[in-house]
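A.B. asks: Right, I'll just put the structure down here and ask away after.
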Amino acid sequence: MSLDEKQKAFVGYLLNLAKEGQEDRGALADLRSGLGREPGEMARVHKHVVPYLPEKRYNDRWYYVTATLFGSFPKHQSNRSLGTAFKPLRTESESMEARFVALLNAHSDYVDEHLRHVVSLLRSNGQPFDWFRLFDDLLQWGHPDGHVQLRWARDFYR
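The sequence shown begins at 1090 in the numbering used here and counts up one residue at a time.
Here it is in C-alpha cells:
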C-alpha cells in the first residue's frame, strides 16, 4: 500500500465515524448526502474531507468518492479487496460478473458511478472490504499498466 500518513489518517477518520456502538450518524448522513455529486456540490461533506486534502490539488476527487461511498457502507474488513468482496456475488447471476467487468473497464472519469452500484450490492449482501485499500486503489486507478484492475480481477476470478 502506498498511502502516506495523512491519507491513512483520512481513512482512519472515516472508520472512526462508524465505530461499533459509537457511530456518528450525523456525519455518516453528511457523507451519504454527497453520493453521485461533484465535490463542489457537497457542502455537507467538505468538513469531513477538506482537512485531509493535500496542499496541491491533484486527487481531491478520490477523497470525496471514498468518503461518500463510506457513508453508504461504513463497514470495514482489513486486507479484503473489492474484488475479493464481490466474488461471492458472482454466483448469484451473470449480471453480477458483467457489473464487475464494467467497473474494471471504467475510465477514471466514470469509475465512481460504477463503484456506487458495486458498493450498494456489497452492502446489500453484507460483504465488507478494506477502505484503506480502496482509497489507495482509487488514487492509482488511471495508471497506464492497469495494475489495480488486474489485481481486482485476480481476486474476483481466483
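Yeah, the Cβ is synthetic: ideal placement off N, Cα and C, and Gly gets one too.
(1) Apart from the five residues just before and just after residue 1154, which ones in its own chain have a Cβ nearer than 6 Å to its Cβ?
(2) State the beta-bridge partners of residue 1165 as determined by DSSP.
(3) Assess, as a yes-or-no matter, whether the segment 1120–1127 is touched by the segment 1167–1179 under the definition of 3 or more beta carbon pairs within less than 8 Å.
(4) Taking residue 1230 as part of the alpha helix (DSSP H), name the residues at either end of that continuous run.
(5) Taking contact to mean 3 or more Cβ pairs, one atom from each stretch, closer than 8 Å, check whether the segment 1141–1149 and the segment 1176–1184 are in contact.
(6) Drop a sphere of 10 angstroms on the beta-carbon of residue 1106, count the other beta-carbons inside from all chains shown, and report buried for 16 or more, exposed for fewer.
(7) If you run the structure through DSSP and keep just helix, strand and coil, what is residue 1128?
(8) Looking at C-alpha atoms only, which residue of 1111, 1146 and 1186 is the closest neighbour of residue 1207?
(9) Could you tell me how far apart the beta carbons of residue 1138 and residue 1221 are, in whole angstroms, since I believe they sit closer than 8 Å?
(10) If you drop the 5 nearest sequence neighbours on each side, which residues of the same chain put their C-beta closer than 8 Å to that of residue 1229?
(11) Short check: CB of residue 1212 to CB of residue 1162, under 7 Å?
(12) Can you look up residue 1213 in the DSSP assignment and give me helix, strand or coil?
(13) Would you mind stating whether residue 1167 and residue 1219 have Cβ atoms separated by less than 7 Å?
(14) Could you pull out every residue in the same chain whose Cβ sits closer than 8 Å to the Cβ of residue 1095, ignoring the five residues on either side in sequence?
(15) Do residue 1203 and residue 1192 come within 7 Å of each other at the CB atom, strictly closer than that value?
C.D. replies: Looking at the atomic coordinates:
(1) Only 1201 meet the Cβ criterion.
(2) 1218
(3) Flag = no, the segment 1167–1179 and the segment 1120–1127 do not touch.
(4) In the DSSP annotation of this structure, residue 1230 is not part of any alpha helix (DSSP H), being labelled neither H nor E.
(5) Here the segment 1141–1149 makes no contact with the segment 1176–1184; the two share fewer than three CB pairs at distances below 8 Å.
(6) buried
(7) It is helical.
(8) Of the listed residues, the one whose Cα sits closest to residue 1207 is 1186.
(9) Taking the Cβ atoms as the reference, residue 1138 lies roughly 16 Å from residue 1221, outside the contact range of under 8 Å.
(10) Within its own chain, the residues whose Cβ lies closer than 8 Å to the Cβ of residue 1229, once the five positions on either side in sequence are excluded, are 1091, 1236 and 1237, listed in chain order.
(11) yes
(12) helix
(13) yes
(14) 1141 and 1143
(15) yes
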